[in-house]
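Chemist:
There are 2 protein chains.
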Amino acid sequence: MRHERSLAGGAKRRASDGKSSAYEPPCGSCEVREIGICDALSSAEIARLEAIKTTTRLRPGDVILREGEPADHLFNVKKGAIKVYKLLADGRCQITSFLFPGDFLGLAHDQNYAFTAEALTDVEACRFARTQYEAVVQACPTLERRLLATASNELVAAQDQMLLLGRKSATEKVASFLLMLSKRAVKRGEPASPITLPMKRADISDYLGLTIETVSRVLTRLKKSGVIRILNPGRIDLLRPSALSDLAAGPGGA
Amino acid sequence: MRHERSLAGGAKRRASDGKSSAYEPPCGSCEVREIGICDALSSAEIARLEAIKTTTRLRPGDVILREGEPADHLFNVKKGAIKVYKLLADGRCQITSFLFPGDFLGLAHDQNYAFTAEALTDVEACRFARTQYEAVVQACPTLERRLLATASNELVAAQDQMLLLGRKSATEKVASFLLMLSKRAVKRGEPASPITLPMKRADISDYLGLTIETVSRVLTRLKKSGVIRILNPGRIDLLRPSALSDLAAGPGGA
DNA sequence: CCCCATTCTTGATCCAGATCAAAAGGCGGG
DNA sequence: CCCGCCTTTTGATCTGGATCAAGAATGGGG
Chain A
1 MRHERSLAGG AKRRASDGKS SAYEPPCGSC EVREIGICDA LSSAEIARLE AIKTTTRLRP
61 GDVILREGEP ADHLFNVKKG AIKVYKLLAD GRCQITSFLF PGDFLGLAHD QNYAFTAEAL
121 TDVEACRFAR TQYEAVVQAC PTLERRLLAT ASNELVAAQD QMLLLGRKSA TEKVASFLLM
181 LSKRAVKRGE PASPITLPMK RADISDYLGL TIETVSRVLT RLKKSGVIRI LNPGRIDLLR
241 PSALSDLAAG PGGA
Chain B
255 MRHERSLAGG AKRRASDGKS SAYEPPCGSC EVREIGICDA LSSAEIARLE AIKTTTRLRP
315 GDVILREGEP ADHLFNVKKG AIKVYKLLAD GRCQITSFLF PGDFLGLAHD QNYAFTAEAL
375 TDVEACRFAR TQYEAVVQAC PTLERRLLAT ASNELVAAQD QMLLLGRKSA TEKVASFLLM
435 LSKRAVKRGE PASPITLPMK RADISDYLGL TIETVSRVLT RLKKSGVIRI LNPGRIDLLR
495 PSALSDLAAG PGGA
């Protein structure tokens, strides 16, 4: 029951507790402004959002929101990494996405969240009460369009992930995963090659529909074949990205 | 190369060809009005949509839109069933969703479609040019909100499907699938129990990340254990839905 | 009504990845 | 600097579902 651990670790301090925070960074100097949902908002719109914004800080293992609970907050990730997952009754876990700076969290059509979100590292995020947020959305067509675009993007990503989970081999899955991390790092202005893996092997396997052991074995194989290099902390050097692409796509480039 | 078959069958007549259609049913008498995206639109808004609407009719195997092509149309399904899928280079296929009356098709944030959609049965759908549709959306906040709600719903469904693909056993997958079909049938006013399966075994396996043989074996087992009954055409009787739910959830109800 | 093509079921065997088991790192705390 | 815990790697074995291979329904066209 792999998850009892992290839940136990994280349940102590709920995100919702820290409504007030030591320091409220202004939106004007937001580091993720141009890659997040706030991009393309007018300064008047930003001001309206800023008025209802709270900054949340979390530590590894903290649960930000839990499946089944009332969906009454929305978040913008500013720093750190988050895993979003669903559990089966017996503890099996499927991570549906990892969130990084600039990502949006909390879209849920239902009354309740359909998933759990948990910090992997120290996290800083903007937090909005849903009711207030919706009021702002009503008044800002730009924001609503931005939300729709975000949802569409997530949908496309979800479809890619379904293809991966349903039809790719272990090697293809791991290769695709590394490339995805690299691409997303680039999108937020980080280098493509020594990528940072803020998550454990267990998280990678819960994301790819594999076991820890299989993920480890595939990484070892990639390392031995000179495609990647595994650096000390959670960092991996993509030595031959094109080889990785070939592996990710599988045969058929015949 | 399983798909060459269906593509061959469908490529003859593209949906986009039949811009004009023999008969344009008015929105006022639309059968799926209250379960589709048009629900909750004012009659003025409906009129604006109706003005730019075309009715498309398709036959089994017809491709409605293809991955990679410019995403310049949106659809509302009125009759029939559609499969939405992605392919790998070597022909492996993952169906990401089945569409039924009332469902929306065409959300794509990118310039191009990220998936292919193909009719499973005779299909009737409303078709809108994207540019015109977007103009209407701009003017109708209700419609935009409805689109966002639809996208959110799809996202939740996609997450469920990821859990299924990544972590469920073959039996759990098939049981979940049958229950999903039943639930959706109810939602559009059909009975819960003798459900109609408009798709072939190959489609079910491409949806569940299994092979045809495994799907067939699981169905046989469910039949032999008295949980379902397989009726002649593509119909299945859910004799013991609660047993099916137990199977779908897996162990853990311990 | 029969024929042929397609789909579905069933059986036999195989294998990628799971499971079980244990050693080897890494790292924070004392 | 050492200890103990957690994570990762590696090895041995097992198994659920894939693959390979026939049959048995089904159904549409002539």
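Quick note, the sequences are listed as chains A and B, same order.
Under this note's numbering, the first residue of the first sequence carries the number 1, and numbering increases by one thereafter.
Under this note's numbering, the first residue of the second sequence carries the number 255, and numbering increases by one thereafter.
For every residue, glycine included, the Cβ atom is placed at its ideal position computed from N, Cα and C.
Is there a Cβ from chain A that is less than 7 Å from the Cβ of valine 410 (chain B)?
Modeler: Answer yes: the Cβ-Cβ gap between valine 410 (chain B) and chain A drops below 7 Å somewhere.
Chemist: Going by DSSP in three states, proline 505 (chain B) sits in which element: helix, strand or coil?
Modeler: Coil.
Chemist: Go ahead and pull the three-state DSSP assignment for arginine 400 (chain B).
Modeler: Helix.
Chemist: I want to see whether chain B comes within less than 7 Å of glycine 252 (chain A), judged by CB atoms only; does it?
Modeler: By this cut-off, glycine 252 (chain A) is an interface position.
Chemist: Taking only beta-carbon atoms, is methionine 434 (chain B) less than 7 Å away from chain A?
Modeler: With 7 Å as the cut-off, methionine 434 (chain B) does not count as an interface residue toward chain A.
Chemist: So which residues on chain A does methionine 453 (chain B) lean against when the C-beta distance must stay under 7 Å?
Modeler: Residues of chain A passing the Cβ test: none, with the nearest at roughly 15 Å.
Chemist: Can you check whether the C-beta of lysine 441 (chain B) is within less than 7 Å of a C-beta belonging to chain A?
Modeler: No, lysine 441 (chain B) does not count as interfacial toward chain A.
Chemist: Mind checking if lysine 86 (chain A) is an interface residue toward chain B, Cβ cutoff 7 Å exclusive?
Modeler: For lysine 86 (chain A), the answer is yes, since a Cβ of chain B falls inside 7 Å of its Cβ.
Chemist: Please report the straight-line C-alpha distance between leucine 107 (chain A) and leucine 239 (chain A), rounded to a whole angstrom.
Modeler: Cα to Cα, the separation comes out at about 37 Å.
Chemist: With a threshold of 8 Å on Cβ separation, who are the neighbours of arginine 130 (chain A) within its own chain once the five nearest residues in sequence on each side are excluded?
Modeler: Correct list, in chain order: Ala71, Asp72, His73, Leu74, Gly106.
Chemist: Starting from isoleucine 95 (chain A), trace the beta strand (DSSP E) both ways and give me its first and last residue.
Modeler: Taken as a continuous stretch (DSSP letters only), the beta strand (DSSP E) holding isoleucine 95 (chain A) covers 93-99.
Chemist: On the criterion of 16 or more Cβ atoms from any shown chain inside 10 Å, does alanine 305 (chain B) qualify as buried, or is it exposed?
Modeler: The residue in question, alanine 305 (chain B), is exposed, as its Cβ has fewer than 16 Cβ neighbours within 10 Å.
Chemist: Less than 8 Å between C-beta atoms, sequence neighbours within five positions excluded: which residues of the same chain meet that for alanine 114 (chain A)?
Modeler: For alanine 114 (chain A), where only same-chain residues beyond five positions count, the Cβ hits under 8 Å are Glu67, Lys86, Ala108.
Chemist: Is DSSP giving alanine 44 (chain A) helix, strand or coil here?
Modeler: It is helical.
Chemist: By Cβ distance, which residues of its chain are closer than 8 Å to serine 436 (chain B), with the 5 residues on each side in sequence left out?
Modeler: If we look at serine 436 (chain B) and ignore the five residues flanking it on each side, its Cβ neighbours are Ala446, Ser447, Ile449, Leu492, Pro495.
Chemist: Using only the alpha-carbon positions, how far apart do proline 251 (chain A) and arginine 57 (chain A) sit?
Modeler: C-alpha separation (whole angstroms): 44 Å.
Chemist: Helix, strand or coil: how does DSSP classify tyrosine 85 (chain A) here?
Modeler: In the structure shown, tyrosine 85 (chain A) sits in a strand (DSSP, three-state: E or B).
Chemist: Rounded to whole angstroms, what's the CA-CA distance from leucine 88 (chain A) to lysine 427 (chain B)? Just pull it up for me.
Modeler: Cα-Cα distance, rounded: 13 Å.
Chemist: Let's test the definition: count the other Cβ atoms within 10 Å of the Cβ of isoleucine 230 (chain A) and tell me whether it reaches 16, buried, or not, exposed.
Modeler: Isoleucine 230 (chain A) is exposed by the Cβ-count criterion.
Chemist: Under 7 Å between C-beta atoms, does asparagine 112 (chain A) make it to chain B?
Modeler: Output row for asparagine 112 (chain A): interface = no.
Chemist: Should glutamine 159 (chain A) go down as buried or exposed, given a rule of 16 or more other Cβ atoms within 10 Å for buried?
Modeler: The residue in question, glutamine 159 (chain A), is buried, as its Cβ has 16 or more Cβ neighbours within 10 Å.
Chemist: Can you confirm whether alanine 456 (chain B), when its beta carbon is compared against all beta carbons of chain A, has any partner nearer than 7 Å?
Modeler: Closer than 7 Å: no.
Chemist: Check whether chain B comes within 7 Å of asparagine 153 (chain A), counting only Cβ atoms and requiring the distance to be less than that.
Modeler: Yes - at least one Cβ of chain B is within 7 Å of the one on asparagine 153 (chain A).
Chemist: With distances taken from CA atoms, which of A:Leu155, A:Leu178, A:Ser42 is nearest methionine 199 (chain A)?
Modeler: Minimum Cα distance to methionine 199 (chain A) is reached at A:Leu178.
Chemist: Buried or exposed: where does aspartate 90 (chain A) fall if 16 or more other Cβ atoms within 10 Å of its Cβ makes it buried?
Modeler: Exposed, since its Cβ has fewer than 16 Cβ neighbours within 10 Å.
Chemist: Using the beta-carbon count (16 or more within 10 Å), is lysine 429 (chain B) buried or exposed?
Modeler: A small fix is needed here, since residue 429 (chain B) is alanine in this sequence, not lysine. Under this definition alanine 429 (chain B) is a buried residue.
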